[in-house]
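**Student:**
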Amino acid sequence: MTQRVLLIISGGIAAYKSLELVRQLRKRGIAVRAVLTQSAKQFVTPLSLGVLTEDHVYDDLFDLKAEREIGHIQLSRQADLVVVAPATANILAKMANGIADDLATTLLLATDTPVLAVPAMNVRMWHHKATQRNLERLHADGVHIMEPDSGAMACGEFGRGRLPEPEAIAAEVQRLLALPQRADPLAGQPDFARDDLPLTGRHILITAGPTHEPIDPVRYIANRSSGKQGFAIAAAAVRAGARVTLVAGPVHLPTPPGVDRVDVETAREMLAAVAEALPADAAIMVAAVADWRAADAAEQKLKKDGSGQPAPLALIENPDILATLGRHPQRPTLLVGFAAETQNIAEHARAKLAKKGADWIVANDVSGDVMGGDANAVQIVTAAGIDSWPVMPKAQVADKLIEKVAHALTSRPD
Ligand code: C5P
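The sequence shown begins at 214 in my numbering and counts up one residue at a time.
1) Residue 291: which of 304, 311, 318, 325 sits nearest, CA to CA?
2) Just the Cα atoms here: how many angstroms apart are residue 538 and residue 493?
3) Rounded to whole angstroms, how far is the Cβ of residue 497 from the Cβ of residue 549, which I believe are closer than 8 Å?
4) Ignore the nearest five residues each way along the sequence and tell me which others in residue 515's own chain have a CB closer than 8 Å to its CB.
5) Exposed or buried, what is residue 263 when buried is set at 16 or more other beta-carbons lying within 10 Å of its beta-carbon?
6) Pairs of beta-carbons, one from the segment 506-522 and one from the segment 328-347, closer than 8 Å: are there three or more?
7) Using 7 Å as the cut-off, classify the Cβ of residue 550 as near or not near the heavy atoms of the ligand C5P, replying yes or no.
8) If you drop the 5 nearest sequence neighbours on each side, which residues of the same chain put their C-beta closer than 8 Å to that of residue 567?
9) Would DSSP call residue 605 helix, strand or coil?
10) Is residue 528 near the ligand C5P - that is, is its Cβ less than 7 Å away from at least one heavy atom of it?
11) When you compare each of 424, 455, 436 to residue 463 by their alpha carbons, which one comes out closest?
12) Taking the DSSP output, what are the residues bridged to residue 227?
13) Which two residues bound the contiguous alpha helix (DSSP H) that contains residue 380?
14) Does DSSP put residue 614 in a helix, a strand or coil?
15) Can you tell which of 294, 238, 465 has its C-alpha closest to the C-alpha of residue 422?
16) Quick one: give me the first and last residue of the beta strand (DSSP E) that residue 338 is part of.
17) For residue 356, name the three-state secondary structure that DSSP assigns.
18) Looking only at its own chain, which residues have a Cβ that is under 6 Å from the Cβ of residue 313, when we skip the five neighbours before and after it?
19) Kindly indicate which residue of 623, 589, 528 has the alpha-carbon position closest to the one of residue 554.
20) If the criterion is Cβ atoms closer than 8 Å, does the pair residue 301 and residue 224 meet it?
21) For residue 600, is the beta carbon positioned less than 7 Å from some heavy atom of the ligand C5P?
22) Over what stretch of residues does the beta strand (DSSP E) that includes residue 554 continue unbroken?
23) Can you tell me which of the three DSSP states residue 416 falls into?
24) Evaluate the contact criterion for the segment 303-317 versus the segment 243-253: three or more CB pairs, one atom per stretch, below 8 Å.
25) For the beta strand (DSSP E) that residue 451 lies in, which residues bound it at each end?
26) Using a Cβ-based criterion (distance less than 7 Å to any ligand heavy atom), does residue 420 qualify as near the ligand C5P?
27) Is it buried or exposed for residue 467, if we count other Cβ within 10 angstroms and need 16 for buried?
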């Protein structure tokens, strides 16, 4: 899986080297998302960073109070490593003291991801007792700190405080990323610590959208699934603190912030991507997987042969991804399927629960315009009974479902 770095650039003259650092990280296959402090924008532009990271660049102008920004705080938790480069004396002081007065420092305070700080500053600022005290404190807090280089400084002085070369920083990032995964930071803490983010430390695997099964190079078998419900569930799981893998069939939807998305076309590709993403604490299979595919997809476009007879189309059954997970040696603790039905909804869902080895089936009535629409009416069928929810927006179905998933996971022994 691609490793991800959240790069926080604070405002020193060395900030211009962050562009080269992004190039070096990308060259090593590491995805980079950048955050600029207000003063860093004096040295590098969001535009050049955006081009190099191929991602949105975040800065202080974002309103943290807006609901969608909660997702951005999540971003720092979703990254595998947070890198502050260059780290000015000022941002180090804020980090050491838990000050969060802009987006960058708020992300740093909100994260439970390992942090690497790469200081760069004037030699006197580096040797100042306050800076050294802050570094000691950061070190004690578990922040990785790279020693600055010595040499001539942009300000005309000479000494320690130069930003290490981007290649050296990239090598250090790679080394830290290769260390064993961090432990769940909330492990062993009282439940209330988990309460505000109930899925911290959990991996949730979600499928969404239709699959396309080729008949020939230009035609395929598909269905009307839009992927909206699955994407909404992925976004809700990120908001609840989970690491989320979303295996998406062909849909035209933006990736919710913080979600790891794997795009696939066919049922067989979806199954492979799902298996690759294991282990997971919960899997929520929302995709409308095509039940059948063409037995032999033609390599050339099928032509009318003039006989008036249609081309023969033999179908064979696709693998059932949900049922495969149901009997998988790495079966997720909680396995949730969806069932799109037009009649006898609860009855069919109950039968599906047993047939697929799932824990819950979320049954939805697709006789109206659920597919592609923004509202859904679902019934959650479990061994314990049926929970019927009224019609509500898909985003709300997602939040309620994730709340139920979090409850089930925290009340089950792992
Ligand atoms: O049998 P049916 O298609 O109605 O089952 C729906 C549930 O099974 C959904 O959760 C869907 O994602 C899953 N499914 C699957 N692989 C298939 C068919 C359905 O994972 N080939």
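Built from N, CA and C at the ideal position, the CB exists for glycine as well.
**Tutor:** Taking the definition as stated:
1) 325
2) 11 Å
3) 4 Å
4) 428, 429, 432, 524
5) exposed
6) no
7) yes
8) none
9) strand
10) no
11) 424
12) According to DSSP, which records beta bridges pairwise, residue 227 is partnered with nothing at all.
13) 379-390
14) helix
15) 465
16) No beta strand (DSSP E) contains residue 338, which is instead part of the alpha helix (DSSP H) from 336-340.
17) coil
18) 319, 322
19) 589
20) yes
21) no
22) 547-554
23) strand
24) yes
25) Taken as a continuous stretch (DSSP letters only), residue 451 belongs to no beta strand (DSSP E), being part of the alpha helix (DSSP H) at 441-452.
26) yes
27) exposed
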